[in-house]
Amino acid sequence: MQHCDSPLHVTGRSEYVDDVPAPAGMLHGAVFGSPIAHGKITKLDLEAARSADGVQGVYTLEDIPGSKMIGALALDEPLLCDGTVMYQGHPIALIVAETDEAAAKAVKLCQVEIDPLPIVTCPREAFANGDLLQETRVFEKGAVDPVWETCAHVVEGKIDLAGQEHLYLETNRARAIPKEDGQMTVYSSTQSPSATQKHVAGVLGLPMHKVEIDVKRLGGGFGGKEDQATHWACMAAIAAQDLNKPVQIVLNRVDDMKMTGKRHPYKQDFKIGLDAEGKILAYEVNHFQNSGGFMDLSGPVLERTVLHSTNAYAIPNVKIRASACRTNLPPNTAYRGFGGPQGMFPLEVAIEQAAAKMGVAADWIQERNLIEDGYVFHYGQEVEACNMKRTWKEAKEHFDVAGTKARIEKFNAENKLKKKGFAMMPVCFGISFTKTFLNQGSSLVHVYTDGSVSVTTGGIEMGQGISSNMIAIVSRTFGISHTKVKSNSTNTTRIANISPSAASATSDLNGNATILACREILEGMLKVAAKEFDCEPDAVKIIDSIVHKDGAPTELTWEGLVLKTYFSRVQLMAHGFYTPPDIHFDPVKGYGKPFHYYTYGTCLMEVTVDCIRGTYTLDASQIVHDLGRTIIPTVDRGQIEGGLAQGIGWVTLEELKFTEEGRLISHALSTYKAPDAEFMPKVMDLKLLENVDNPGGPLGSKAVGEPPFMYGIAAYFAIRRAVEAYRELNEDEIYCPMTPEQVLLKLYPDFKDEVSS
Ligand code: LUZ
Ligand code: MOS
665 MQHCDSPLHV
675 TGRSEYVDDV
685 PAPAGMLHGA
695 VFGSPIAHGK
705 ITKLDLEAAR
715 SADGVQGVYT
725 LEDIPGSKMI
735 GALALDEPLL
745 CDGTVMYQGH
755 PIALIVAETD
765 EAAAKAVKLC
775 QVEIDPLPIV
785 TCPREAFANG
795 DLLQETRVFE
805 KGAVDPVWET
815 CAHVVEGKID
825 LAGQEHLYLE
835 TNRARAIPKE
845 DGQMTVYSST
855 QSPSATQKHV
865 AGVLGLPMHK
875 VEIDVKRLGG
885 GFGGKEDQAT
895 HWACMAAIAA
905 QDLNKPVQIV
915 LNRVDDMKMT
925 GKRHPYKQDF
935 KIGLDAEGKI
945 LAYEVNHFQN
955 SGGFMDLSGP
965 VLERTVLHST
975 NAYAIPNVKI
985 RASACRTNLP
995 PNTAYRGFGG
1005 PQGMFPLEVA
1015 IEQAAAKMGV
1025 AADWIQERNL
1035 IEDGYVFHYG
1045 QEVEACNMKR
1055 TWKEAKEHFD
1065 VAGTKARIEK
1075 FNAENKLKKK
1085 GFAMMPVCFG
1095 ISFTKTFLNQ
1105 GSSLVHVYTD
1115 GSVSVTTGGI
1125 EMGQGISSNM
1135 IAIVSRTFGI
1145 SHTKVKSNST
1155 NTTRIANISP
1165 SAASATSDLN
1175 GNATILACRE
1185 ILEGMLKVAA
1195 KEFDCEPDAV
1205 KIIDSIVHKD
1215 GAPTELTWEG
1225 LVLKTYFSRV
1235 QLMAHGFYTP
1245 PDIHFDPVKG
1255 YGKPFHYYTY
1265 GTCLMEVTVD
1275 CIRGTYTLDA
1285 SQIVHDLGRT
1295 IIPTVDRGQI
1305 EGGLAQGIGW
1315 VTLEELKFTE
1325 EGRLISHALS
1335 TYKAPDAEFM
1345 PKVMDLKLLE
1355 NVDNPGGPLG
1365 SKAVGEPPFM
1375 YGIAAYFAIR
1385 RAVEAYRELN
1395 EDEIYCPMTP
1405 EQVLLKLYPD
1415 FKDEVSS
């Protein structure tokens, strides 16, 4: 089986929010955002916009009939600005007009005067001002302070880690359609239909049962629509309710980039201590998260940063401090990895610098410190069924790391103006929402009398292939062809209280729920068959749509049995509910067993740097990954390659640049460069770990969405090492991403002085 949407995607027939023909009289919304990053509004003049051609409605905070506040954790964010603008692009007013051109024109007529307040874009500065979104958290295991003096090597440093734009192909959008009796249906490009439902109901002053959210599919989410699709759905619904007409909001690319939050940039201080044999004895890191103007998901993102700060390494003494610093940037949010990548990066820098000091290869230190069964993380969870060392060892052997290293050494000795670099990246990523209550999934399976089957779950199809996985799970659980199964849109009327499609857990949670629903139906069907054959139900099995008795095929088909079941008045639909049984986490103490299990893998990366131009090519990525038993191999491969691409983008080309005034200057595809097919490694090898199982995942599978993102970090160090083969580096602060411009400045540091003077 393959990703079942592929034929639709490549022929342009897959439907997104605004592909469905517009209902009669549909209006279009556009948003007026703040021109500056911080200040108090002294005068807002919307009269010119209100009387512009085609304009039907203008809305500010006062016009919201119900709750004016939204927010994932606390209702801390006014849906429209409450008089204090917190970032550039902060939505101040919604304009609704007959066409989107008219709405966009009217936005330009909005006038605002703002008394500026000091703009803070650096999290260290916000921290120094005491401007935090939550109290600074400290996590400790053992004690680092007494250990430093016992270490043979101690290294300290500072990091400036940039954020990342989600760059989903489909920008944020929603279509709200008023229905009879004050009801509202919203078609939204959201990863969190129930959160959207809750907030739409809240701002409209309606009970949740009067609001229906329907999501066919997303053109990408990557976390950017876990919490921040809500705003546009709420705005469209407010206007739709007021005007009693359908209203659609589709953000253009520039507005989407300016108005929505991104991966959190961090500033970090680290200190690492090792013994003479390369064992890490102590690690201390201080994370200053650049949270942006409101909380959004910053707290949980920071929590995952803390949990993954030691990545795949066993370290006896750990101290982690983490602060969510309020700045005048858009509220930063979930992004594939959810703070995990930012947790792992500084430890890799620390290992890199320790290796330089010790005169050894970084992977020599990495290898000596990998986790294994029995290791207890700083948050209390013990590692079981650990495949970390296995993936590392297989990567080294299968892809001949020794040979690669020798080849690179020879190349670098023979070439003056081209240098190669090589890096390894181990990844251990915890699977489950760290907010334990979110770990629940639901599924509704219908078997129709012709034998066709439909499945609806809480999972959102955002290109990742959740629909295909659900179809595969139904088909395998029933023993029928996947062509008999269809997956439906995600809809809050059919499934209640849906957790976001996030945390890599969508297939696990909804897939296990789907298995339970199918089993319930199957149980009834097999009883009907057993009665027919006069045998026990366990003697009956469906294989390839044929009913088997005692292992031998009968005349009875799936379709035949479905009809018999129907005529026997036995149920052919069921709802399944699943939650992983064994997880618990005390968020105050930061202690427990937050993860149902871990996924493991190792990535190798080889690059070549052009030492005249500062440009680089990625020669090869080689990955050994633990997928458990993959459900659909091509779907999982797509996730691994896509995650790798996005991770590589984060540490190489994608430079999210804000000015000191908080103005995003990489706010379009002309200034923000993401990897393309051409840029990706020339060789991309993937080896799946064999003979592995995962009792925690549906059909023995493992979650795959986020872990491969962090393989991309290898590209950063491979490029760095290639540069170091040309010239010794001397930096006060490590900056990421490693753009070609950065490489050029590293290759020719005097040139930098010339430029700045
Ligand atoms: N979203 C969330 C996530 O709300 N909680 C999580 O723990 C998480 N982890 C990864 C990605 N999204
Ligand atoms: Mo996410 S970062 O929406 O799994």
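If you want this note's numbering, it's the 1-based position in the sequence shown plus 664.
For glycine and all other residues, C-beta sits at the position ideal for the given N, C-alpha and C.
- Proximity of the beta carbon of Leu-1034 to ligand 1 is not indicated: no heavy atom of the ligand is located closer than 7 Å.
- Within 10 angstroms of the beta-carbon of Val-1252 lie fewer than 16 other beta-carbons, which makes it exposed.
- When beta bridges are read from the DSSP output, Arg-837 appears opposite Val-914.
- In the three-state scheme derived from DSSP, where H, G and I count as helix and E and B as strand, Phe-952 is classed as strand.
- Membership of Gln-1286 in the beta strand (DSSP E) is indicated by the continuous run 1280-1289.
- At a cut-off of 7 Å, the beta-carbon of Leu-1393 does not count as near ligand 1: no heavy atom of the ligand is closer than that.
- Assignment of Cys-1267 by DSSP, reduced to helix, strand and coil, places it in the strand class.
- Classified as exposed, Trp-1028 has fewer than 16 neighbouring CB atoms from the shown chains inside 10 Å of its CB.
- The C-alpha of Glu-1058 lies about 25 Å from the C-alpha of Ala-1014.
- Following the DSSP letters along the chain, one finds Val-1024 in no alpha helix (DSSP H), marked with neither H nor E.
- In terms of Cβ geometry, Ala-761 and Gln-720 form a close pair [threshold 8 Å].
- Ranked by Cα distance from Glu-1305, the options Ile-1398, Ala-1049 and Ser-1285 are led by Ser-1285.
- With fewer than 16 other Cβ atoms from the protein chains shown falling within 10 Å of its own Cβ, Phe-1231 counts as exposed.
- Assignment of beta strand (DSSP E) within the segment 1227-1273, counting only whole runs of 3 or more residues, yields 1237-1242, 1248-1250 and 1255-1257 in chain order.
- The count of Cβ pairs closer than 8 Å, one atom from the segment 932-952 and one from the segment 979-991, reaches three, so the stretches are in contact.
- Between the C-alpha atoms of Gln-892 and Gly-925 there is a straight-line separation of about 8 Å.
- In the displayed model, Phe-886 falls within coil according to three-state DSSP, outside both helix and strand.
- Ligand 1 never approaches Pro-1371 closely enough for any of its heavy atoms to be under 7 Å from the residue's Cβ.
- Note on Glu-1012: 16 or more other CB atoms within 10 angstroms of its CB, so buried under the neighbour-count rule.
- For Cys-1400 and Ala-826, the gap between their C-alpha atoms comes out near 6 Å.
- Of the heavy atoms belonging to ligand 1, at least one sits nearer than 7 Å to the Cβ of Lys-1099.
- Looking from the CA of Phe-1241, the closest CA among Val-1192, Thr-1121, Ile-1296 and Tyr-1375 belongs to Thr-1121.
- In the DSSP assignment, Lys-1351 falls within the beta strand (DSSP E) that extends over 1347-1352.
- Exposure of Glu-1046 is indicated by the presence of fewer than 16 other C-beta atoms within 10 angstroms of its C-beta.
- Between ligand 1 and Pro-1251, a heavy atom-to-CB distance of less than 7 Å is absent.
- The C-alpha of Ile-1287 lies about 5 Å from the C-alpha of Leu-1350.
- Beta-bridge partners assigned by DSSP to Cys-1400: Leu-825.
- By the CB criterion at 8 Å, Gly-884 and Ala-998 fall outside the cutoff.
- The DSSP assignment places complete beta strand (DSSP E) segments of no fewer than 3 residues inside the segment 690-762 at 691-697, 703-709, 719-723 and 755-761, in order along the chain.
- When DSSP states are grouped into helix, strand and coil, Tyr-930 belongs to the strand group.
- A direct Cα-Cα distance of roughly 21 Å separates Lys-707 from Met-923.
- In this structure, Phe-1002 has its beta carbon less than 7 Å from a heavy atom of ligand 1.
- In the DSSP assignment, His-1212 falls within the beta strand (DSSP E) that extends over 1210-1213.
- For Gln-847, there is no enclosing alpha helix (DSSP H), as DSSP gives it neither H nor E.
- Counting only runs of 3+ residues, the beta strand (DSSP E) found wholly inside the segment 974-999 occupies 981-990, in chain order.
- For ligand 1, no non-hydrogen atom lies closer than 7 Å to the CB of Arg-1301.
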